[in-house]
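Residues in the sequence shown are numbered from 29 upward in steps of one, following our numbering.
Just so you know, even glycine gets a beta-carbon here, dropped at the ideal spot from N, CA and C.
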Amino acid sequence: MRRSWGRRLSVAALSAGIAGVWFAGYSILNGRTAVARMQEAPAATASATREATPSATPERTSEPFPEFTQNERGESCFALDKLNPHVPDLEWCVSSFFGQPNLRETMINRIVPSRAFHAGGVHVDSSQETERIYVVDSGNNRILGFLGTEMSADRPADIVIGQPSLWDSGTCNGNNTVYAQPTAETLCFLPFPYVQSTLESARSSQLATDREGNLYVADLNNNRVLMYLDPFRTDSDADAVWGQPDFTSRACNRDWNAPDADSLCLEWPSPFSSSPTNVFAAGVALDGEGNLWVADSGNHRLLRFPRGSSVADIVLGQQDFSSSESNCAVPESGKPSLESLCKPVALAVHPSGELYVVDGELPGRARVLVYAPPFASGMPAERQLGLAERRSGEIASRIPHMPPEDVALAGAGPLLPATGLQYPRGIAIDPAGRVWVADVHNSRVVLLDDMGNIVQALGQPDEETVGCLGRAPFPVPGGDLQNLCFPNGEISFDRAGALYVSDNSQASMVVRFPAESLLNEPWSDGVLLYRGWNQVSALTLHNTHGFSVAGEQLIVSDAHRLLVWDDYLSLPAGAPATRVLGQDDFESNAQQDGQGFPGLSSQWVDADDRLWVTGPHDIYVFQTPLAGSDRNQPEPLAVLRSEDITWKDTGKPVVFETMGITYDSANDALWLVDWPRNRVLRVRGALGDDPLVDLILGQPDRANRDARSDRTSCNAGEGYENPQPYGLCSPRFVTLDGDGNLYVIDGSFELNGNRRVLEWDAETIASAEGMFPLLPADRVFAKPDFWTRECEDGQPCNPTGITFDQQGRMVMTVDGYGNHQYQRVFVYLHPLESQQPDYVFPFAFGQAAAAQFDQHGNLLLQDHTWNRLLLIRQPGWPE
29 MRRSWGRRLS VAALSAGIAG VWFAGYSILN GRTAVARMQE APAATASATR EATPSATPER
89 TSEPFPEFTQ NERGESCFAL DKLNPHVPDL EWCVSSFFGQ PNLRETMINR IVPSRAFHAG
149 GVHVDSSQET ERIYVVDSGN NRILGFLGTE MSADRPADIV IGQPSLWDSG TCNGNNTVYA
209 QPTAETLCFL PFPYVQSTLE SARSSQLATD REGNLYVADL NNNRVLMYLD PFRTDSDADA
269 VWGQPDFTSR ACNRDWNAPD ADSLCLEWPS PFSSSPTNVF AAGVALDGEG NLWVADSGNH
329 RLLRFPRGSS VADIVLGQQD FSSSESNCAV PESGKPSLES LCKPVALAVH PSGELYVVDG
389 ELPGRARVLV YAPPFASGMP AERQLGLAER RSGEIASRIP HMPPEDVALA GAGPLLPATG
449 LQYPRGIAID PAGRVWVADV HNSRVVLLDD MGNIVQALGQ PDEETVGCLG RAPFPVPGGD
509 LQNLCFPNGE ISFDRAGALY VSDNSQASMV VRFPAESLLN EPWSDGVLLY RGWNQVSALT
569 LHNTHGFSVA GEQLIVSDAH RLLVWDDYLS LPAGAPATRV LGQDDFESNA QQDGQGFPGL
629 SSQWVDADDR LWVTGPHDIY VFQTPLAGSD RNQPEPLAVL RSEDITWKDT GKPVVFETMG
689 ITYDSANDAL WLVDWPRNRV LRVRGALGDD PLVDLILGQP DRANRDARSD RTSCNAGEGY
749 ENPQPYGLCS PRFVTLDGDG NLYVIDGSFE LNGNRRVLEW DAETIASAEG MFPLLPADRV
809 FAKPDFWTRE CEDGQPCNPT GITFDQQGRM VMTVDGYGNH QYQRVFVYLH PLESQQPDYV
869 FPFAFGQAAA AQFDQHGNLL LQDHTWNRLL LIRQPGWPE
């Protein structure tokens, strides 16, 4: 996407060009040639060419990427890592996939030009006659550009930066599944491949533009700042870089060294740890002399780069360029120092020449620091604004997203969160010189006076109210009401004084407040981007959890809908679903318009080809094969609710919430995992007139002890930290092997619960006496014994799915937390004989979830947070 002159310029050369002496043979008015502007959607069909390769080479990664080969069918084949030295070598090949256009993407829903995922700031460039709007679409690792300030929810972006297309492309550096190096064409806002949950990984970046319309971007997880020569008139490739020696390097402080005057550490996605350090934002600003200021968040400092230089001449927050100490620990006085910083994330230059800096995160630490010129390295801030007050003798307020024990810091007195900032992420100066701050976790945008008092709070009914509660909705065009929930990242003013705010809640849109509404009753005259995270489609998934194979149909639980692929083995990779249940059409937003099922998860297909699907409080039963779609959908054979199932001995309804289900056709036994109450229920006669619970595993009685409020309910009353052979803690899944033995995944995502699998022999279950036998399990997997909760390196930690083939071999998937990147799928050749895994399949997952062998012996693996299913045709086994 480069022009024919194709030459990358130094910062000094660019400075000369920006000053007006443009390089020979090129005029900035020549127009744009190679920007991704495609506005029509590509056809919702898969490519005829099966693309089942990760498209990565080991030498491009800092973490060793497992080597693979391609066979004659184009499949990517991996040698399994042996955990048992006595087993032979095996090779498994990824044959196809569903839910993504290729194996480099991990998008949630479909990436389109008129939607975003984790909107992380909005910047208005008023330097040109026609203003431009830039939106940081952090979840899709891109910036959307809009020419002009026309606001419409269905307006597509005019340009995209960081991706080759406005459609179906949202990777970090071209591949989310490996630690890929950047180029001048890429961006990386999310720290892939170390992102276990894309939903929980919002990032933001404060942008800047100069008087020539050139764009400056803090590229977080590439630890660099990029400059693009007027992207609306040239191309979408970066033309200058700060913080790295070239466009193909990304390490914090240039290969993990101590900081210096030309290095940056905006975030720390280390290839040597399982997750990055929690730095979520960074920002840039330009002063009146053209100096570039950078909030170097990971180094807890501010840097000033003189115009035309890639070496900083001033550092604030540190005493020298080689230091990176933080002041994140608040002293007992409750007053953080004016000389040091804690994760500065945004900054703005006031017309007075003062530098305003958003610093700190938690209330009591979060603030705006004001530095007054003349600037000198190591100088303290002149004052701080927005620090939440602490008042001795008063009861501390409960702060959303914050543990109670952190509310009042040692010796500082209780905290009043509404009096200050909580996780602020953006700052802007309006045309009148007033200071506005995006106060993210207080769900508002605040106006601060010169003393730091909050005098206006957009998104809340008053200055004393915080939280995403919808208590202060404002009208938007069309008469709907909207409120701010997560106003993340940069806020910006246009030349008319209107304020633009991006909301990274499920709305994920940009809202504009006219100047005349800001100091009165707020109202909006326009929104940009549709509500929702990307576009629901037939091609993509939304944190999918649970699937099954019924005959030749692949059926997937996708949030509030069921997606069905007919004749799935004959489809090309990335093919769209054939049918949808729970929506009027494939692109209806089932989360926003009230359509669909209530949160579907686990599935089971019984011996009579009936499909059982769980919602939180409902169990749906369908006859397969599923027919119909959209508005013509099959009716379920049955819908079981809590009030329909009663205790065998009392006849009273059983309260339950389930995410795990299996049906034992031979014994007419429906097994339900009631996860909040740490128990598994056996239901007899589930499809009859009087379904009864006649056996409980994990609890000594029927008491309704909900673990969300009573953690002592874990492990039959022994507590959260004390696993027992008969106890359960946060169980989520249940299944049967071919011999009728029962397996329960005793734990849930993100290392919750007992982090193990328990197995009860069929004979043990059959011999149980009474409804509450406190029946001890016969075997435990993923732990050395029944009483251990901690994980062991190199062994499976916190299982999330298990499945068995017709020969009784078991495949276990595990959590993204507590396991190495390429150790998420474990293989057991003889699980009843040995509870130690024999192999691990070295393929990258976000959060591996359900797994299933189909009737042909093919293995399907679900990636819950990377939104895809992998197909391994006829996996190899020892002879």
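Provide the residue(s) that pair with residue i in DSSP beta bridges, ordered along the chain.
| i | result |
| --- | --- |
| V649 | W640, A666 |
| P273 | P273 pairs with nothing; no bridge assigned. |
| Q234 | G311 |
| G554 | R540 |
| S520 | Y528 |
| E787 | Y771, R807 |
Secondary structure at residue i, three-state DSSP: helix, strand or coil?
| i | result |
| --- | --- |
| N168 | helix |
| I793 | helix |
| C121 | strand |
| C105 | strand |
| N780 | strand |
| A543 | helix |
| V839 | strand |
| P903 | coil |
| H429 | In this prediction, H429 scores a pLDDT of 41, lower than 50, which makes its location untrustworthy; no coordinate-derived value is stated. |
| Y771 | strand |
| N249 | helix |
| V762 | strand |
| F894 | As written in the sequence, residue 894 is Trp, which differs from the Phe given in the question. In this structure, W894 counts as coil in the three-state DSSP scheme. |
| L476 | strand |
| E417 | strand |
| W195 | coil |
| A605 | coil |
| Y399 | strand |
To the nearest whole angstrom, what separates the beta carbons of residue i and residue j, a pair I think is in contact under 8 Å?
| i | j | result |
| --- | --- | --- |
| P824 | P94 | With 8 Å as the limit, P824 and P94 do not qualify as a contact, their Cβ atoms being about 18 Å apart. |
| L512 | G487 | 3 Å |
| G173 | F217 | That pair is no contact at about 16 Å. |
| A143 | N562 | It is Arg, not Ala, that sits at residue 143 in the sequence shown. About 5 Å separates the two Cβ atoms, so the contact holds. |
| G579 | T652 | 6 Å |
| N895 | L569 | 4 Å |
| V253 | G271 | 6 Å |
| S471 | C496 | 4 Å |
| P664 | V649 | 6 Å |
Taking the beta carbon of residue i as the centre, do at least 16 other beta carbons fall within 10 Å, making it buried, or is it exposed?
| i | result |
| --- | --- |
| P626 | exposed |
| N130 | buried |
| K811 | buried |
| V555 | buried |
| A524 | exposed |
| G679 | exposed |
| T97 | exposed |
| A601 | buried |
| W284 | exposed |
| M179 | buried |
| M687 | buried |
| Q902 | exposed |
Spatial neighbours of residue i within its chain, please: CB distance less than 7 Å, with the 5 preceding and 5 following residues excluded, ordered by chain position.
| i | result |
| --- | --- |
| E492 | A446 |
| L591 | V584, A605, V608 |
| I793 | L770 |
| E417 | L444, T447, G448 |
| D722 | K676, R710, R712, M799 |
| V373 | A309, A310, G311, A323, S325, V386, R453 |
Enumerate in chain order the residues of its own chain whose CB-to-CB distance from residue i is below 6 Å, with the five nearest sequence positions on each side excluded.
| i | result |
| --- | --- |
| P401 | G381 |
| F814 | P753, V808 |
| V539 | V529, S552, V555 |
| D634 | Y691, S693 |
| Q168 | The residue you asked about is not Gln; residue 168 is Asn in the sequence shown. Once the five neighbours on either side are set aside, the close Cβ partners of N168 are I139, F145, G198. |
| S533 | C513, F514 |
| P759 | V701, W703, V772, D774 |
If I measure Cβ to Cβ from residue i and keep anything under 8 Å in the same chain, skipping five residues before and after, which residues do I get?
| i | result |
| --- | --- |
| T158 | L175, G176 |
| D636 | S693 |
Would you say the beta carbon of residue i is closer than 7 Å to some non-hydrogen atom of the ligand NAP?
| i | result |
| --- | --- |
| F220 | Absence of the ligand NAP from the depicted structure is noted, as is the absence of any ligand whatsoever, leaving it without description. |
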